[in-house]
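Encoded as structure tokens, the structure appears first; notes follow it.
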């Protein structure tokens with residue numbers, strides 16, 4: 122597989138991800154996470170207990186809803202990393218370390234936030 126650059130635009134409402142050189146994103150999905158309300162202690166420790174994007178809408182009554190980005194600013198780094206992981210492995214089906222990645226960010230993003238995003 123080639124190492125085509127990845128373009129990611131994670132917004133408060135929707136996230137868009139795809140490969141450079143294409144006219145449209147490969148995936149557009151809600152930037153939202155859901156965690157089971159009545160999960161047992163063991164279930165709470167498992168990543169599969171999280172629902173992301175459209176999966177949240179299908180299971181909404183059973184979930185506690187989380188929005189990791191508010192007005193363009195990342196408010197929960199752990200949750201936004203789950204969204205990133207999901208976009209790379211579920212939608213794009215790539216290993217992100219094998220591709221250059223361009224992530225858009227709002228103009229007023231702090232240097233600290235930009236630095237943290239690159240880690």
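In my numbering, the protein residues as written are 122 to 240.
Glycine is no exception: its CB is placed at the ideal position from the N, C-alpha and C atoms.
Bear in mind that the values here come from a model prediction, so they are computed numbers and not experimental data.
Asked: Complete alpha helix (DSSP H) runs within the region 123 to 207 (minimum length 4 residues, chain order); Found: 162 to 165, 175 to 180 and 198 to 207
Asked: Of the residues 194, 220, 211 and 219, the one placed nearest residue 147, counting alpha carbons only; Found: 211
Asked: Contact between the region 212 to 224 and the region 191 to 202 (3+ Cβ pairs under 8 Å); Found: no
Asked: Test item: CB-CB of residue 145 and residue 135 under 9 Å; Found: no
Asked: Pairwise C-alpha distance: residue 156 and residue 177; Found: 9 Å
Asked: In DSSP terms, what residue 223 is bridged to; Found: 128
Asked: Option in 181, 182 and 128 with minimal Cα separation from residue 226; Found: 128
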